[in-house]
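Read through the structure below, which is laid out as structure tokens, and then see the notes.
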Amino acid sequence: MDLIDFLRERLQKPLPGLDAHRVFVPDIPDAARRLLPPPDGARQSAVVVPLILRENREPHIVFTVRSENLRSHKGQISFPGGRLDEGEDAISAAVRELHEEIGVDPRDVIILGGLSPLYIPPSNSAVTPIVAVLRTDGPWVISEEEVTEVFEVPFSLFLAADSIRSETRMLYGANVDVPQWNIHPTIPLWGATAMILNELLWLVNEYQSEE
1 MDLIDFLRER
11 LQKPLPGLDA
21 HRVFVPDIPD
31 AARRLLPPPD
41 GARQSAVVVP
51 LILRENREPH
61 IVFTVRSENL
71 RSHKGQISFP
81 GGRLDEGEDA
91 ISAAVRELHE
101 EIGVDPRDVI
111 ILGGLSPLYI
121 PPSNSAVTPI
131 VAVLRTDGPW
141 VISEEEVTEV
151 FEVPFSLFLA
161 ADSIRSETRM
171 LYGANVDVPQ
181 WNIHPTIPLW
191 GATAMILNEL
201 LWLVNEYQSE
211 E
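Be aware that the sequence shown starts at 1, since it is given in our numbering, and climbs by one per residue.
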């Protein structure tokens, strides 16, 4: 069984959830809220974790950099996604946002399954991550209102033993050690996107340990 087939089966079973998420929660006043169920009234959102198969079927993960014009999480590394429209489910919303943000045809999206939902206090969003394989590697048609850059990173970079770093930055008026990956020349990968990705990487580690 290759990794993609493993993920398709594994995503239907109980997931690591909070154990994987808490690795990337910085020590800030509302940290505990990020590990709790979302409150009533939270905005229902979805993101897609897009995978592309490269040489030897090694998956690469596609990321976007959010526009500086957006109200929340501006300039940060993220996955394509957004709020559910009326009548949509998480998969439909994730596929729609993938098309709107970077131009991926829905027919080129193979859904593997969903990761654990995550609450993001700054935007009051309850996010459902959807893992998918893309049958295209571009060219990307970027929505400049939402995205400034698209780039991809191989799984192997994240699986190195020393890949997670910590950087001190000012958050909520205090110097805080923030866990992150340095996968971009100028922008760290941290916060909700890192929490989502880390759960997927836990599953990849399971696969490798079973080989």
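Note that beta-carbon positions come from the ideal geometry of N, C-alpha and C, so glycine has one too.
Remember, it's a predicted structure, so these values are computed and weren't measured experimentally.
Could you tell me the distance, in whole angstroms, from the CA atom of Pro26 to the CA atom of Val178? Residue 26 sits at position 26 when you count from the first residue of the sequence shown. Residue 178 sits at position 178 when you count from the first residue of the sequence shown. Using only the alpha carbons, I get a separation of about 5 Å.
Check whether the Cβ atoms of Val109 and Ala93 lie closer than 8 Å to each other. Here residue 109 refers to the residue found at position 109 of the sequence shown. Here residue 93 refers to the residue found at position 93 of the sequence shown. Contact: no.
Hey, Pro154 and Arg66: beta-carbon distance below 8 Å or not? Position 154 of the sequence shown, counting from 1, holds the residue named residue 154. Position 66 of the sequence shown, counting from 1, holds the residue named residue 66. Contact flag unset, no.
By the three-class DSSP mapping on this structure, what secondary structure does Met170 have? The residue labelled residue 170 in the question sits at position 170 within the sequence shown. Of the three classes helix, strand and coil, the one that applies to Met170 here is strand, per DSSP.
Does DSSP put Gln208 in a helix, in a strand, or in coil? Residue mapping note: residue 208 aligns to position 208 of the sequence shown, counting from 1. The answer is helix: DSSP assigns Gln208 an H, G or I state.
My output table needs one value for Glu146: the three-state DSSP class, helix, strand or coil. In the sequence shown, counting from the first residue as 1, residue 146 sits at position 146. Reduced to three states, the DSSP call for Glu146 is coil.
By a C-beta neighbour count over all protein chains shown, 10 Å radius and 16 as the cutoff for buried, is Ser209 buried or exposed? Reading the sequence shown from its first residue, position 209 is the one you call residue 209. Counting Cβ neighbours within 10 Å, Ser209 comes out exposed, since fewer than 16 surround it.
Does Pro59 come out as helix, strand or coil in the three-state DSSP assignment? Within the sequence shown, the letter at position 59 stands for residue 59. Residue state, collapsed to three classes: strand.
Tell me which residue opens and which closes the beta strand (DSSP E) that Val49 is part of. The sequence position of residue 49 within the sequence shown is 49, counting from 1. It spans 43–53 - the beta strand (DSSP E) in which Val49 sits, taken as one unbroken run.
Alpha carbon of Trp202 to alpha carbon of Pro129, nearest angstrom: What you label residue 202 is simply residue 202 of the sequence shown in a count that begins at 1. What you label residue 129 is simply residue 129 of the sequence shown in a count that begins at 1. In a straight line, the C-alpha of Trp202 is about 15 Å away from that of Pro129.
Beta-carbon within less than 6 Å of Arg268's beta-carbon, same chain only, minus the 5 sequence neighbours each way: which residues are those? The structure shown does not extend to residue 268, since the chain is modelled only from 1 to 211, so the question has no answer here.
Proximity of Leu112 and Arg22 at Cβ, strictly below 8 Å: Along the sequence shown, one-based indexing puts residue 112 at 112. Along the sequence shown, one-based indexing puts residue 22 at 22. No, they are not a contact pair.
What is the rounded straight-line gap between the Cα of Glu68 and the Cα of Leu15? Against the sequence shown, residue 68 aligns to sequence position 68. Against the sequence shown, residue 15 aligns to sequence position 15. Between Glu68 and Leu15, the C-alpha separation is close to 33 Å.
Ser125 lies in the beta strand (DSSP E); which residues open and close that run? Your numbering for residue 125 matches position 125 in the sequence shown. Note, Ser125: beta strand (DSSP E), 125–134.
Is the beta carbon of Val47 less than 8 Å from the beta carbon of Val127? The residue given as residue 47 occupies position 47 in the sequence shown. The residue given as residue 127 occupies position 127 in the sequence shown. Yes, Cβ-Cβ distance for Val47 and Val127 is below 8 Å.
Could you spell out where the alpha helix (DSSP H) holding Val95 opens and where it closes? On the sequence shown, position 95 is the one that residue 95 refers to. Where Val95 is concerned, the enclosing alpha helix (DSSP H) stretches over 90–102.
Euclidean distance between Cα positions of Lys13 and Ser116: Indexing the sequence shown from 1 puts residue 13 at position 13. Indexing the sequence shown from 1 puts residue 116 at position 116. Answer to the nearest angstrom: the Cα atoms are 11 Å apart.
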